[in-house]
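Worksheet: one structure, shown below.
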Amino acid sequence: MQMSRHGGFTLVELIISLVIVSVIMVGLLTAMRSFGITDEKLEKRLSQADERRVVSAFLEDVLGQAMLKPRLAMVGKPEESSFVGAPDSLEWIGVMPARHGAGGLHHFRLYWAGDGRSAALMLAYLPFAGLEVLPDWNLAERRVLVEDVSGFALRYQLEDGGEWLGQWRSTVDSRQVGRVGVALAAGGAEWPLLVVPVRSLVNPGAMGRIVNGP
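0 is the number of the first residue of the sequence shown in numbering that gives the first Met the number 0; add one for each residue after it.
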């Protein structure tokens, strides 16, 4: 007569089962971690895309119209330009959209500021008080446009096209700037090149040298 085998797992079967369960758990945890990293990357990319959209739209607003007429010249002093573009900064007179809190003509200064470890794209601005009054940037309000900036460069193209220039200063006799190119790297990624067409707030045909003095 053959004896019946008792039900249950042997020690070897139990160990094998535990190993299989452990492998499955490790796989699940790895998959969950991968999903979490992917979700974080996606959220970061969406946030960066939204930041690029907002900043680009704002710069197109404030830089899209600029006063390209030179400032009033003082007797015995050189003519001052109202549009001064350098490779890493730009000063101009333009219109602040009312929806941003303060409408009307303003002096603007776009520049890159930082200590090498933490840099930001900054915009300084103060109300326009006439062409004969030079802006005092110590009194200007400042806004951080983009943080964690690792690269920033400006280029200028004249209204009739041609090559891009590293700097530009408007004068009575010069041609007018037509476009400003803004190259920016922030958050570990390069932004798409922003090209802003610049329209003059002053009729070029009416421009002339204005001298303040007898």
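Glycine included, every Cβ here is placed at the ideal spot set by N, Cα and C.
If you draw a straight line from the alpha carbon of residue i to that of residue j, how long is it in whole angstroms?
{"i": "A118", "j": "W111", "result": "7 Å"}
{"i": "W190", "j": "E140", "result": "26 Å"}
{"i": "P196", "j": "A30", "result": "48 Å"}
{"i": "H105", "j": "G187", "result": "32 Å"}
{"i": "G26", "j": "T9", "result": "26 Å"}
{"i": "L58", "j": "R32", "result": "39 Å"}
{"i": "R52", "j": "A85", "result": "24 Å"}
{"i": "G129", "j": "E50", "result": "34 Å"}
{"i": "L164", "j": "M24", "result": "60 Å"}
{"i": "V20", "j": "L28", "result": "12 Å"}
{"i": "G113", "j": "R198", "result": "31 Å"}
{"i": "Q166", "j": "V176", "result": "10 Å"}
{"i": "G150", "j": "S169", "result": "26 Å"}
{"i": "L138", "j": "A56", "result": "26 Å"}
{"i": "I14", "j": "A48", "result": "51 Å"}
{"i": "G180", "j": "W136", "result": "24 Å"}
On the premise that residue j lies in contact with residue i, defined as a C-beta separation below 8 Å, what is that separation, rounded to the nearest angstrom?
{"i": "M121", "j": "L144", "result": "7 Å"}
{"i": "L62", "j": "S88", "result": "Wrong, their Cβ atoms sit about 13 Å apart, outside the cutoff."}
{"i": "D159", "j": "R142", "result": "Their Cβ separation, rounded to whole angstroms, is 33 Å, which puts D159 and R142 out of contact at 8 Å."}
Within a Cβ cutoff of 7 Å, which residues of the same chain sit near residue i, ignoring the five residues on either side of it in sequence?
{"i": "G161", "result": "none"}
{"i": "G102", "result": "M95 and P96"}
{"i": "D147", "result": "A185 and G186"}
Short of 6 Å in beta carbon distance, which residues of its chain neighbour residue i, apart from the five on each side in sequence? Order them along the chain.
{"i": "A182", "result": "A152 and L192"}
{"i": "P203", "result": "For P203, the predicted model reports a pLDDT of 40, less than 50, meaning its position is unreliable; a value from the coordinates is still stated below. Contacts found: none."}
{"i": "R178", "result": "Q156, V194 and P196"}
{"i": "W91", "result": "A65, F82 and F107"}
{"i": "D60", "result": "P96"}
{"i": "L200", "result": "Q64 and M66"}
{"i": "Q1", "result": "Only weak support is given to the placement of Q1: the predicted model assigns it a pLDDT of 49, under 50, and the value that follows is read from those uncertain coordinates. So no residue of the chain qualifies."}
Quick one: using the 10 Å Cβ neighbour count with 16 as the cut-off for buried, is residue i buried or exposed?
{"i": "E131", "result": "exposed"}
{"i": "P134", "result": "buried"}
{"i": "R154", "result": "buried"}
{"i": "L67", "result": "buried"}
{"i": "L22", "result": "A quick correction: the sequence has Val, not Leu, at residue 22. Exposed."}
{"i": "S80", "result": "buried"}
{"i": "V11", "result": "exposed"}
{"i": "S16", "result": "exposed"}
{"i": "A123", "result": "buried"}
{"i": "V54", "result": "buried"}
{"i": "V18", "result": "exposed"}
{"i": "G93", "result": "buried"}
Output needed for residue i: all residues of its chain with C-beta closer than 8 Å, excluding positions within five of it in sequence on either side, in chain order.
{"i": "P126", "result": "A101, G103, L104, H105 and H106"}
Check whether the Cβ of residue i lies closer than 8 Å to any heavy atom of the ligand ZN, and answer yes or no.
{"i": "W190", "result": "Looking at this structure, you won't find the ligand ZN or any other ligand, since it has none at all."}
Inset, instruction - At 3 residues or longer, and completely inside the region 83-112: list those beta strand (DSSP E) runs for me, N to C. - result: 88-95
Legend entry - alpha helix (DSSP H) runs wholly inside the region 157-206, at least 4 long, in chain order: none
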